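Q: In order, the protein sequences belong to chains A and B.
Quick note: this note's numbering has the first sequence finishing at residue 1377, numbered continuously throughout.
Quick note: this note's numbering has the second sequence finishing at residue 275, numbered continuously throughout.
A virtual CB, placed ideally from N, CA and C, is assigned to each residue, including glycine.
No experiment lies behind these values; they were computed from the predicted model shown.
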Amino acid sequence: MVEEELVLLEDIYKTYDRVNWVLQGVNLCLKKGDVIKIIGDEGSGKSTLLKIILCSIYPERGRVNIMGADTSELKKYEHILLLRQYISVFFENFRLFEYMNVLDNLLFINKMRGRKKTAFMPLIERFLSQLDLRDVFKKKVIFLSPGEKARLSLAMIFSLDAPIILADEPFRCLSPSSVGKVIDILKGDFCKDKGILLFSGKELSSLEGKSFVLNGGKLYGIYNQDPG
Amino acid sequence: MGYITKILGKNKTLSGTCFFTSFLLTLVLVLLVLVFLLINCRFNVVKSRAHMYIIFHENAPSKKVDDVCMRVKSKEWIKSLNLISSKQALNMVEKNMGVKLPRHFSNPLPYSADIFVKPRFLKEKEMNSIKNELLRYSSVEDVLLPSRLIMSYEHSYKHFLSFSLLFLCGFIIIEIAIFLLTGRLFYLNLREDVLTLKLLGCSSEKIKLLLMSGLFLIGFAGIVLAAVTSLGVVVFIRDFIQNLAFLGNSDFLSACGFSLIAVLFNIFVLFLCTLFAVRNEKV
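In structure tokens form, the structure reads like this:
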């Protein structure tokens, strides 16, 4: 394994009905410091790709390598859960603990991941401030607006401090100013050593990185990022 | 535990259901055990009213009769013995028949003894062996047993015992099913949160421990409340119960002991059901 390779997908094929191929020969390599944007319409296979990286589903063909481990060789479910500790995921539907307050959500997930308080508390403090969640930190998630939920979900994945960040439509519910703040975090020192894989319905020109289009199950690279 | 109550905050009805299910099941089980124990004590009371007669030989000297009575009183099975002299027997006959016999009338009635045995010996087999034991004394002519009464008691007691066991077993099966179903309901309600935790890489053991401890503690609180409630009720109506079934203090304490066993049994069932209710789903 090359040390910087965090996620390596080789020739991935996936079908749900053995007739239509959702993914056809997808190749992708996410390294430390990379920001990869995968753009695709609804039903283009973005979520399938995310689930494959999370080992939630397996491809029919191809090899998935996460942090140097071939996922097809992981026999025990506990090993998969262990591997997921290297990944922080932003889900499109947030998947937050609705009846806990903002702070409890952050504390709970970090404690359940077995992280030390000294490691996660400074990060929680930092991202609560950076993502403007200080005023609502005692508010239950159920009472938050979609934008606040998205910011909380982002604070959650940043506080977990995992080397791989996967985010499915992270900017959809955010206001332009919040998008700017998130992009600042992604560009900043905190994410320098992390691999970031963003799935989105539209191109985000303000965030530098490699862009790919997922269409018809195939991944196409975008070489010219200049909108003009 | 703090977090599970926070997650459960979304469904107070669910935590209330778990709590009241264990509360009600424990309360019903304890009360059932107590009712069966009371019926059992009542049976013993009725049984202890059955008595047998020893008829001594007509010419048996009173010294020998007293000697037999002394020996019988030392037996394990004896509850009480009432010696009836021939004179007392004649008086009783006079009283019952409402006649006054002439003074020169020679008394034909022999000495006899009215014997009450302990309830646990009031079985046909035991009574026959007691009868044979008594007939070995040379001064004893005959022993009269309330055979039909004993058989009838024995029959009824057997029926009661098998009914109560069957009823308790049936109730325990239903109880286990209800505990399991409530546990599943608890898990299914938190399923989405569990799946989120798994997608975020939390270990199955930690998740299972969190859910199990939450479910167990809610159920345990219900059981404790049921135990306290039933104890309070029993203490409150103690006099009534003791009068109803002629319970002694030792009977009352053993009833409390059986109630405690029922409570501990429910805690054990709850623990087992908690183990099976939380499943390790792969996502």
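#1: Only counting runs of 3 or more residues, tell me where the beta strand (DSSP E) segments fall wholly within the region 104 to 171 of chain B, in order along the chain.
#2: Could you give the distance in angstroms between the alpha-carbon of Lys115/B and the alpha-carbon of Ile31/B?
#3: Tell me the residue span of the alpha helix (DSSP H) that contains Arg1233/A.
#4: List the residues that DSSP assigns as beta-bridge partners of Lys1367/A.
#5: Label Val25/B either buried or exposed according to how many other C-beta atoms from any shown protein chain fall within 10 Å of its C-beta, with 16 as the threshold for buried.
#6: Which residues in the same chain as Gly1377/A place their Cβ atom closer than 7 Å to its Cβ, once the five residues preceding and following it in sequence are excluded?
#7: Could you tell me the distance, in whole angstroms, from the CA atom of Glu1222/A to the CA atom of His1228/A?
#8: Less than 9 Å between the C-beta atoms of Ile46/B and Ser104/B, yes or no?
#9: Quick check: what's the CA-CA separation for Leu202/B versus Ser1237/A?
#10: Just the C-alpha distance for Asn1259/A and Ile259/B, rounded to the nearest angstrom, thanks.
#11: Could you name each continuous beta strand (DSSP E) segment of 3 residues or more that falls completely within the region 1235 to 1309 of chain A, going from the start of the chain to the end?
#12: Answer with buried or exposed for Asp1166/A, where buried requires no fewer than 16 other C-beta atoms within 10 angstroms of its C-beta.
#13: What alpha helix (DSSP H) runs, 4 residues minimum, are completely inside the region 59 to 90 of chain B?
#14: Spell out a yes or no on whether the region 1358 to 1366 of chain A and the region 135 to 150 of chain B are touching, meaning 3 or more CB-CB pairs, one atom from each, closer than 8 Å.
#15: Quick test of your reading: Val1175/A and Thr1164/A, contact by CB under 8 Å. State the CB separation rounded to the nearest angstrom.
#16: Could you name the residues of chain B that Tyr1226/A contacts, counting a contact when the two beta carbons are closer than 8 Å?
#17: Closest by CA to Ala42/B, which one among Glu50/B, Glu68/B, Pro111/B?
#18: When you compare the CB positions of Asp231/B and Cys33/B, do they come within less than 9 Å of one another, or not?
#19: Whose Cβ in chain A lies nearer than 7 Å to the Cβ of Lys190/B?
#20: What does the alpha-carbon distance come out to for the pair Ser54/B and Leu127/B?
#21: Does the Cβ of Cys161/B have 16 or more other Cβ atoms within 10 Å, making it buried, or fewer, making it exposed?
#22: Terminal residues of the continuous beta strand (DSSP E) containing Glu1159/A?
#23: Assign Val1168/A to buried or exposed, taking buried as 16 or more other Cβ atoms, counted over all protein chains shown, within 10 Å of its Cβ.
#24: Here's a check: name, in chain order, each residue in its chain whose Cβ is nearer than 8 Å to the Cβ of Ile1273/A, leaving out the five neighbours to either side.
#25: Cβ of Gly1344/A within 9 Å of Cβ of Leu1232/A?
#26: Tell me whether the beta-carbon of Ala218/B lies closer than 9 Å to the beta-carbon of Leu29/B.
#27: Less than 9 Å between the C-beta atoms of Phe1243/A and Lys1287/A, yes or no?
#28: So, Phe1240/A versus Ile1314/A, is the Cβ gap smaller than 9 Å?
#29: Any Cβ of chain A within less than 9 Å of the Cβ of Asp231/B?
#30: Which one of Ala169/B, Phe159/B, Gly211/B, Glu118/B has the shortest CA to CA distance from Pro138/B?
#31: List the residues of chain A whose Cβ lies closer than 9 Å to the Cβ of Tyr179/B, in chain order.
#32: Can you name, in chain order, every residue of its own chain whose Cβ lies under 6 Å from the Cβ of Glu1153/A, other than the five neighbours on each side?
#33: Of the residues Ile1306/A, Phe1246/A, Leu1158/A, which one's Cα is nearest the Cα of Gly1211/A?
#34: How do the region 264 to 272 of chain B and the region 165 to 180 of chain B stand: do at least 3 beta-carbon pairs fall below 8 Å, yes or no?
#35: For Lys1266/A, count neighbouring Cβ atoms within 10 angstroms of its own Cβ and tell me buried if that reaches 16, exposed if not.
#36: Count the other CB atoms, across all protein chains shown, that sit within 10 Å of the CB of Lys1195/A; report buried if there are 16 or more and exposed otherwise.
A: Checking against the coordinates, here is how it stands:
#1: Here the runs fully enclosed are 104 to 109, 132 to 136.
#2: Numbered from its first residue, the second sequence carries residue 115/B at position 123. Numbered from its first residue, the second sequence carries residue 31/B at position 39. Cα-Cα distance, rounded: 18 Å.
#3: For this step, residue 1233/A is matched to residue 84 along the first sequence. Per DSSP, the unbroken alpha helix (DSSP H) holding Arg1233/A starts and ends at 1226 to 1233.
#4: Counted from its first residue, the first sequence places residue 1367/A at position 218. For Lys1367/A, DSSP records a beta bridge to Asn1364/A.
#5: By 1-based counting over the second sequence, the position of residue 25/B is 33. Looking at its Cβ environment, which holds 16 or more other Cβ atoms inside 10 Å, Val25/B is buried.
#6: For this step, residue 1377/A is matched to residue 228 along the first sequence. With a pLDDT of only 34 at Gly1377/A, under the threshold of 50, the placement of this residue in the model should not be trusted, and no figure is reported.
#7: Translated into the one-based positions of the first sequence, residue 1222/A becomes position 73. Translated into the one-based positions of the first sequence, residue 1228/A becomes position 79. Their backbone Cα atoms lie some 10 Å apart in a straight line.
#8: Taking the second sequence and counting its residues from 1, one reaches residue 46/B at position 54. Taking the second sequence and counting its residues from 1, one reaches residue 104/B at position 112. Yes, they are a contact pair.
#9: Locating residue 202/B in the second sequence gives position 210, where the first residue counts as 1. Locating residue 1237/A in the first sequence gives position 88, where the first residue counts as 1. Taking C-alpha positions only, Leu202/B is separated from Ser1237/A by approximately 22 Å.
#10: Position 110 of the first sequence, counting from 1, holds the residue named residue 1259/A. Position 267 of the second sequence, counting from 1, holds the residue named residue 259/B. About 32 Å.
#11: The region 1235 to 1309 of chain A contains these whole beta strand (DSSP E) runs: 1236 to 1239.
#12: Looking up residue 1166/A in the first sequence gives position 17. The residue is exposed, with fewer than 16 neighbouring Cβ atoms inside 10 Å.
#13: Runs of the alpha helix (DSSP H) inside the region 59 to 90 of chain B: 78 to 89.
#14: In the pairwise beta carbon analysis, the region 1358 to 1366 of chain A is classified as not touching the region 135 to 150 of chain B: fewer than three pairs are separated by under 8 Å.
#15: Counting from one through the first sequence, the residue named residue 1175/A turns up at place 26. Counting from one through the first sequence, the residue named residue 1164/A turns up at place 15. Val1175/A to Thr1164/A, Cβ: 13 Å. No contact.
#16: Start at 1 with the first residue of the first sequence, and residue 1226/A comes out as number 77. Ordered by position in chain B, the residues that pass the 8 Å Cβ test against Tyr1226/A are Ser196, Asn272, Lys274.
#17: Residue mapping note: residue 42/B aligns to position 50 of the second sequence, counting from 1. Ranked by Cα distance from Ala42/B, the first of Glu50/B, Glu68/B, Pro111/B is Pro111/B.
#18: Against the second sequence, residue 231/B aligns to sequence position 239. Against the second sequence, residue 33/B aligns to sequence position 41. No. Outside cutoff.
#19: On the second sequence, position 198 is the one that residue 190/B refers to. Within 7 Å Cβ-Cβ: Leu1230.
#20: Position 62 of the second sequence, counting from 1, holds the residue named residue 54/B. Position 135 of the second sequence, counting from 1, holds the residue named residue 127/B. Answer to the nearest angstrom: the Cα atoms are 17 Å apart.
#21: To locate residue 161/B, count along the second sequence from 1; it is residue 169. Residue burial annotation: Cys161/B is exposed, with fewer than 16 other C-beta atoms found within 10 angstroms of its C-beta.
#22: Here residue 1159/A corresponds to residue number 10 of the first sequence, with the count starting at 1. Note, Glu1159/A: beta strand (DSSP E), 1154 to 1164.
#23: To locate residue 1168/A, count along the first sequence from 1; it is residue 19. Val1168/A comes out exposed.
#24: Here residue 1273/A refers to the residue found at position 124 of the first sequence. Only Leu1252, Leu1255, Leu1256, Asn1259, Ala1304, Ser1308 meet the Cβ criterion.
#25: In the first sequence, counting from the first residue as 1, residue 1344/A sits at position 195. In the first sequence, counting from the first residue as 1, residue 1232/A sits at position 83. No.
#26: Residue 218/B sits at position 226 when you count from the first residue of the second sequence. Residue 29/B sits at position 37 when you count from the first residue of the second sequence. Taking 9 Å as the Cβ cut-off, Ala218/B and Leu29/B do not qualify as a contacting pair.
#27: Here residue 1243/A refers to the residue found at position 94 when the first sequence is read from its first residue. Here residue 1287/A refers to the residue found at position 138 when the first sequence is read from its first residue. No, they are not a contact pair.
#28: Residue mapping note: residue 1240/A aligns to position 91 of the first sequence, counting from 1. Residue mapping note: residue 1314/A aligns to position 165 of the first sequence, counting from 1. Cβ distance not < 9 Å, so Phe1240/A and Ile1314/A don't count as in contact.
#29: Position 239 of the second sequence, counted from the start, is the residue given in the question as residue 231/B. Interface with chain A (9 Å Cβ-Cβ cutoff): Asp231/B is excluded.
#30: Residue mapping note: residue 138/B aligns to position 146 of the second sequence, counting from 1. The residue among Ala169/B, Phe159/B, Gly211/B, Glu118/B with its C-alpha nearest the C-alpha of Pro138/B is Glu118/B.
#31: Translated into the one-based positions of the second sequence, residue 179/B becomes position 187. Simply none; closest approach about 16 Å.
#32: The residue you call residue 1153/A lines up with position 4 of the first sequence. The answer, listed in chain order, is Lys1180, Lys1181.
#33: Along the first sequence, read from residue 1 onward, the residue named residue 1211/A stands at position 62. Minimum Cα distance to Gly1211/A is reached at Leu1158/A.
#34: As far as the Cβ criterion goes, the region 264 to 272 of chain B touches the region 165 to 180 of chain B, which means the pair count is three or higher.
#35: Counted from its first residue, the first sequence places residue 1266/A at position 117. The residue is exposed, with fewer than 16 neighbouring Cβ atoms inside 10 Å.
#36: As a first step, residue 1195/A is located in the first sequence; it is residue number 46 there, counting from the start. Result: buried.
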